[in-house]
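A.B. asks: This structure is in structure tokens; I'll ask about it shortly.
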Amino acid sequence: MQYTGGEIIVKLLENEGITKVCGIPGGANLPLYDALSKSDKIEHILARHEQGGGFIAQGIARATGKVGVCLATSGPGVTNLLTAIADAKLDSVPLVAITGQVSSSFLGTDAFQEVDTCGLAIPITKHNFFVRSVEELLHIIPEAFRVAESGRPGPVLVDIPRDVQMAKMEVLEWPKKKENSPLIENKKIEPVNMEDIAKIAEVINRAKRPILYIGGGILQANAHEELYKFAKKNNIPVASTLMGLGSYPSDDDLYLGMLGMHGAPHTNIILNETDLLIALGVRFDDRATGNITKFCPNATVIHVDIDPAELNKNKIAQYTLAGDLKEVLEKLFPLLSADDRQNWIDEITKIKNENPLYMPRKKGFYHPLNFIKEVGDMLDPETIITTDVGQHQMWVAQAYPFKKPRKLLTSGGLGTMGFGLPVAIGAALANPDKKVICISGDGSFLMNIQELATLAELNLNITVIILNNGCLGMVRQQQELFFNKNYVASKFKSNPDFASIANAFGVKGYDFTNVKEANELLRGILSTSAPSVINVPIDDRENVLPIVPPGAANYQMIGGKIIE
Amino acid sequence: MNNQDVVIQLTVNNHPGVMSHITGLFTRRAFNLEGILCGRLGNGKISRIYLLVKKDQRLDQIIKQLEKLYDVSEVLVCEDYNHKIFDDIHKLIRSDDVKK
Chain A
-15 MQYTGGEIIV KLLENEGITK VCGIPGGANL PLYDALSKSD KIEHILARHE
35 QGGGFIAQGI ARATGKVGVC LATSGPGVTN LLTAIADAKL DSVPLVAITG
85 QVSSSFLGTD AFQEVDTCGL AIPITKHNFF VRSVEELLHI IPEAFRVAES
135 GRPGPVLVDI PRDVQMAKME VLEWPKKKEN SPLIENKKIE PVNMEDIAKI
185 AEVINRAKRP ILYIGGGILQ ANAHEELYKF AKKNNIPVAS TLMGLGSYPS
235 DDDLYLGMLG MHGAPHTNII LNETDLLIAL GVRFDDRATG NITKFCPNAT
285 VIHVDIDPAE LNKNKIAQYT LAGDLKEVLE KLFPLLSADD RQNWIDEITK
335 IKNENPLYMP RKKGFYHPLN FIKEVGDMLD PETIITTDVG QHQMWVAQAY
385 PFKKPRKLLT SGGLGTMGFG LPVAIGAALA NPDKKVICIS GDGSFLMNIQ
435 ELATLAELNL NITVIILNNG CLGMVRQQQE LFFNKNYVAS KFKSNPDFAS
485 IANAFGVKGY DFTNVKEANE LLRGILSTSA PSVINVPIDD RENVLPIVPP
535 GAANYQMIGG KIIE
Chain B
10 MNNQDVVIQL TVNNHPGVMS HITGLFTRRA FNLEGILCGR LGNGKISRIY
60 LLVKKDQRLD QIIKQLEKLY DVSEVLVCED YNHKIFDDIH KLIRSDDVKK
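One line per chain: the protein sequences are A and B, in this order. Count the first sequence with the numbering used here and you get residues -15 to 548, in order. Count the second sequence with the numbering used here and you get residues 10 to 109, in order.
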């Protein structure tokens, strides 16, 4: 039978099990959209800005671990999408972006809405494909999915000229969904060597003061259960990066909380004391390590990651292993001795008690940490939390009681403001049975506020909570601490009425300004399933504490101990 | 003659865009690239690229990042290479011999 390029793309997406794609049509991808309208398996989600579309696809991917798909037209459609792609690259999110391109005969002529898409995508994708003929689609589309989801996941862009989408060809047999294609076989992860495993197990068993330093790799490998068993058997305390939050239950005795720039004081102090750092699925990011030369100065380092290029990149490790974390933990487990590590645990308990995270109980309901804690207590552990970027994001990381993986969706590597709302939409689309909360700030929320229209249209179970301090809080805080309180361009002279804006979009808006019994009102709103936006006024002088100054070691944090 | 340099030998798929993936990687990761030699192999489906780079502590990271590139099928490091090749290029560039 004869198929157009557009029809072939749609059929191949169906074969990949894709049920939702998100994007915006335009001149150069209209043939694809025309074909998409005839699919009864794929629902199209119309975003209001391509960046929103990219982040909705990311929301689906981050919440499920499966590939998210987004579509954009050429030129501005592509450039708008780039931020969402770069964000997916830095947080290793599997994403396939299919972009329209001007017809082959116009390529290189500066045609209307022509931009060098692949050229723009090179530094921010895992790989990108330019499709030169309709025949190539049969190979490239399945290949794009394999690349996006194999090994360390990441975004893949496929750029397809309009004439290729319209060209017809006879297809007798569709490519089968393969685990590994021949072309990427040479990038395959080697099976884990048992000698390495035995060596690492011995080092752990011998260590006196070991710490597990875990990151997003744990949830990517779906290895949280193996991690829990592992930590419990040998009684190794667990410190998590931002991306790892939820991979280890926050209410467990061995849990130390988040490390790094805004980590709890005790976490950073304990890391300074360790003699063996067991780094699993982490990349020694500067926000986690502080001054890397002063990070865990007395520790032997074991580093396990699926990406060999991360090993010895920022920090030299004495034991390295490139491999799948689930497999590594499974194989290590039987070789690990059961140990109560009473001395080390006692010492940690003492440091924990002497250096707790600042929780300003006396400052009441509207202190952001108290408020987030309150929200956490009202919701069940299945609830998905998305954040934007800034102070509110760090307060969520510090105070929200995450107990399960893939429940915190946050922009860790790129730190993209505007991330929260569209990612919440994607997460809700992938989890129709779950509530999704987007905790945002008044600065971040404005950066993708147009997606409220998408939310109203889809009527999803999402509540947006805007912690509103009338400024770019993280910038204001750094100006206060590091730039002599010279508050340049961080205070908003005017701010919209967010509750009214939400209502105008068709989403229920609430304003907690001057609301006294906010606790009950909040509980009421969270118990409904209609989309809503809550504006929560907070004091603009509140800082995220502690904070490690630029260039300092993690234990040299400011605001480790606060007197209320 | 210079033993502070090494040559990285790459075997790559031969299609437009491969070169920009490789040079893009060097820009993105702030690696230095001192020279490039490139040509088709056999039936033209694959190419061979020689990269002249500084031998320093970043070399290991460069190799690992090159190995991750989709179109790169083999990466070899040649410490003991024929210096004449790159020296000749420099001579060629200076002498304008390419112009007929």
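Here a beta-carbon is modelled for each residue, glycine too, at the ideal position from N, C-alpha and C. Here the structure is a predicted model, which means the values were calculated and not measured.
Buried or exposed: VAL148/A, going by 16 or more other Cβ atoms within 10 Å of its Cβ?
C.D. replies: If you number the first sequence from 1, residue 148/A lands on position 164. Its Cβ being crowded by 16 or more others within 10 Å, VAL148/A is buried.
A.B. asks: Quick check: the Cα distance between ASN112/A and THR371/A, rounded to an integer number of angstroms?
C.D. replies: As a working mapping, residue 112/A is identified with position 128 in the first sequence. As a working mapping, residue 371/A is identified with position 387 in the first sequence. Going from the Cα of ASN112/A to the Cα of THR371/A covers about 29 Å.
A.B. asks: For PHE96/A, does the count of other Cβ atoms within 10 angstroms reach 16, so buried, or fall short, so exposed?
C.D. replies: As a first step, residue 96/A must be located in the first sequence, where it is residue number 112. Counting of Cβ neighbours within 10 angstroms places PHE96/A among the exposed residues, the total staying below 16.
A.B. asks: Measure the Cβ-Cβ separation of THR438/A and SER516/A and say whether it is below 8 Å.
C.D. replies: Counting from 1 along the first sequence, the entry for residue 438/A is found at position 454. Counting from 1 along the first sequence, the entry for residue 516/A is found at position 532. Cβ atoms of THR438/A and SER516/A: not closer than 8 Å.
A.B. asks: Just the C-alpha distance for ALA272/A and ILE286/A, rounded to the nearest angstrom, thanks.
C.D. replies: Numbered from its first residue, the first sequence carries residue 272/A at position 288. Numbered from its first residue, the first sequence carries residue 286/A at position 302. Answer to the nearest angstrom: the Cα atoms are 16 Å apart.
A.B. asks: Using a Cβ-Cβ cut-off of less than 9 Å, list which residues of the stretch 279 to 295 of chain A approach chain B; keep chain order.
C.D. replies: ASP291, PRO292, ALA293, GLU294 and LEU295
A.B. asks: Is it buried or exposed, LYS391/A, if we count other Cβ atoms within 10 angstroms and call 16 or more buried?
C.D. replies: Taking the first sequence and counting its residues from 1, the one referred to as residue 391/A is at position 407. So LYS391/A counts as buried.
A.B. asks: In the structure shown, what three-state DSSP assignment does CYS102/A receive?
C.D. replies: Your numbering for residue 102/A matches position 118 in the first sequence. Note: CYS102/A maps to helix in three-state DSSP.
A.B. asks: Just tell me which of ILE44/A, GLN326/A and ALA68/A has its CA closest to the CA of LYS192/A.
C.D. replies: On the first sequence, residue 192/A is found 208 positions in, with the first residue counted as 1. If we check each option's Cα against that of LYS192/A, GLN326/A comes out closest.
A.B. asks: Rounded to whole angstroms, how far is the Cβ of ALA19/A from the Cβ of SER58/A, which I believe are closer than 8 Å?
C.D. replies: Position 35 of the first sequence, counting from 1, holds the residue named residue 19/A. Position 74 of the first sequence, counting from 1, holds the residue named residue 58/A. At roughly 17 Å, the Cβ-Cβ gap does not stay under 8 Å, so ALA19/A and SER58/A are not in contact.
A.B. asks: Which runs of the alpha helix (DSSP H) spanning at least 4 residues fall entirely within the stretch 396 to 447 of chain A, listed in chain order?
C.D. replies: Correct list: 404 to 414, 426 to 429 and 435 to 442.
A.B. asks: What residue range is occupied by the uninterrupted alpha helix (DSSP H) comprising ASP180/A?
C.D. replies: As a working note, residue 180/A is residue 196 in the first sequence. Start and end: 178 to 190.
A.B. asks: Alpha carbons only, please: which of GLY84/A, ARG116/A, PRO233/A and THR277/A is nearest the one belonging to ALA536/A?
C.D. replies: Residue mapping note: residue 536/A aligns to position 552 of the first sequence, counting from 1. Nearest C-alpha to ALA536/A: THR277/A.
A.B. asks: Between ILE220/A, LYS217/A, PHE214/A and GLY265/A, which has its C-alpha nearest LEU229/A's C-alpha?
C.D. replies: As a first step, residue 229/A is located in the first sequence; it is residue number 245 there, counting from the start. Closest option to LEU229/A, judged by alpha-carbon separation, among ILE220/A, LYS217/A, PHE214/A and GLY265/A: GLY265/A.
A.B. asks: Distance cutoff 8 Å, beta carbons only. Does SER56/B sit that close to anything in chain C?
C.D. replies: Going by chain labels, chain C is absent from the structure shown, which instead holds the protein chains A and B.
A.B. asks: How about the stretch 286 to 295 of chain A and the stretch 303 to 312 of chain A: do they share at least three Cβ pairs that are nearer than 8 Å?
C.D. replies: yes
A.B. asks: By the 7 Å beta-carbon criterion, what residues does the stretch 106 to 119 of chain A contribute toward chain B?
C.D. replies: Under the 7 Å Cβ criterion, the stretch 106 to 119 of chain A contributes ILE106, PRO107, HIS111 and PHE114.
A.B. asks: My output table needs one value for HIS246/A: the three-state DSSP class, helix, strand or coil.
C.D. replies: Position 262 of the first sequence, counting from 1, holds the residue named residue 246/A. Correct three-state label for HIS246/A: coil.
A.B. asks: Can you tell me where the beta strand (DSSP E) holding ALA498/A begins and where it ends?
C.D. replies: Within the first sequence, numbered from 1, the residue matching residue 498/A stands at position 514. A small correction: the amino acid at residue 498/A is Asn; Ala does not occupy that position in the sequence shown. No beta strand (DSSP E) contains ASN498/A, which DSSP labels as neither H nor E.
A.B. asks: Going by alpha carbons, who is nearest to LEU14/A out of GLU(-2)/A, GLU(-9)/A, GLU27/A and LYS4/A?
C.D. replies: Locating residue 14/A in the first sequence gives position 30, counting from the first residue. The shortest Cα separation from LEU14/A among GLU(-2)/A, GLU(-9)/A, GLU27/A and LYS4/A belongs to GLU(-9)/A.
A.B. asks: Against LYS297/A, what residues of chain B qualify as contacts under a CB-to-CB distance less than 7 Å, listed in chain order?
C.D. replies: Translated into the one-based positions of the first sequence, residue 297/A becomes position 313. By Cβ distance, chain B contributes GLN70.
A.B. asks: Apply the 10 Å Cβ neighbour rule to LEU75/B and answer buried if 16 or more other Cβ atoms are within range, or exposed otherwise.
C.D. replies: What you label residue 75/B is simply residue 66 of the second sequence in a count that begins at 1. So LEU75/B ends up on the buried side.
A.B. asks: Sort MET227/A, ILE188/A and ALA205/A by Cα distance to ALA215/A and report the nearest one.
C.D. replies: Here residue 215/A corresponds to residue number 231 of the first sequence, with the count starting at 1. For the residues MET227/A, ILE188/A and ALA205/A, the minimum Cα distance to ALA215/A belongs to ILE188/A.
A.B. asks: Run through chain B and tell me which residues come within less than 8 Å of VAL131/A, C-beta to C-beta.
C.D. replies: For the purposes of this step, residue 131/A is taken as the residue at position 147 of the first sequence. Within 8 Å Cβ-Cβ: TYR79.
A.B. asks: Would a C-beta distance cut-off of 8 Å place ILE450/A and VAL380/A closer than the cut-off?
C.D. replies: What you label residue 450/A is simply residue 466 of the first sequence in a count that begins at 1. What you label residue 380/A is simply residue 396 of the first sequence in a count that begins at 1. It is not a contact, given that the beta carbons lie outside the stated cut-off.
A.B. asks: Under 8 Å between C-beta atoms, does LYS73/B make it to chain A?
C.D. replies: The residue you call residue 73/B lines up with position 64 of the second sequence. Closer than 8 Å to some Cβ of chain A, the Cβ of LYS73/B qualifies, so yes.
A.B. asks: In chain A, which residues lie with their C-beta within 7 Å of the C-beta of HIS30/B?
C.D. replies: For this step, residue 30/B is matched to residue 21 along the second sequence. Those are ILE106, listed as they occur along chain A.
A.B. asks: Would the beta-carbon of VAL77/A fall within 8 Å of that of GLN42/A?
C.D. replies: On the first sequence, position 93 is the one that residue 77/A refers to. On the first sequence, position 58 is the one that residue 42/A refers to. Contact: yes.
A.B. asks: Kindly indicate which residue of ILE82/A, LEU320/A and GLY61/A has the alpha-carbon position closest to the one of ILE(-7)/A.
C.D. replies: In the first sequence, counting from the first residue as 1, residue -7/A sits at position 9. For the residues ILE82/A, LEU320/A and GLY61/A, the minimum Cα distance to ILE(-7)/A belongs to ILE82/A.
A.B. asks: CB-CB under 6 Å to ALA72/A, same chain, minus the five flanking residues each way: which ones, in chain order?
C.D. replies: As a working note, residue 72/A is residue 88 in the first sequence. GLN42, LEU79 and PRO139.
A.B. asks: Just to check, is the beta-carbon of GLU338/A closer than 7 Å to a non-hydrogen atom of the ligand FAD?
C.D. replies: For the structure depicted, the ligand FAD is absent and the ligand set is empty, with no information on it obtainable.
A.B. asks: Whole angstroms are fine: how far does the CA of CYS87/B sit from the CA of ILE546/A?
C.D. replies: For the purposes of this step, residue 546/A is identified with residue 562 of the first sequence, where counting begins at 1. For the purposes of this step, residue 87/B is identified with residue 78 of the second sequence, where counting begins at 1. Summary for ILE546/A: the model assigns pLDDT 47, below 50, so the residue's position carries little reliability; its value from the coordinates is reported in the next sentence. Straight-line Cα distance between these residues: approximately 57 Å.
A.B. asks: Would you list the residues sitting across from THR83/A in a DSSP beta bridge?
C.D. replies: Working through the first sequence from its first residue, we reach residue 83/A at position 99. Answer is ALA56/A and ASP143/A.
A.B. asks: In angstroms, rounded to a whole number, what distance separates the CA positions of ARG136/A and LEU74/A?
C.D. replies: As a working mapping, residue 136/A is identified with position 152 in the first sequence. As a working mapping, residue 74/A is identified with position 90 in the first sequence. C-alpha of ARG136/A to C-alpha of LEU74/A: approximately 11 Å in a straight line.
A.B. asks: Assuming SER395/A and PHE386/A make a contact with CB atoms under 8 Å, what is their CB distance in whole Å?
C.D. replies: Here residue 395/A refers to the residue found at position 411 when the first sequence is read from its first residue. Here residue 386/A refers to the residue found at position 402 when the first sequence is read from its first residue. SER395/A to PHE386/A, Cβ: 16 Å. No contact.
A.B. asks: Around the Cβ of ILE300/A, are there at least 16 other Cβ atoms within 10 angstroms (buried) or fewer (exposed)?
C.D. replies: Here residue 300/A corresponds to residue number 316 of the first sequence, with the count starting at 1. So ILE300/A counts as exposed.
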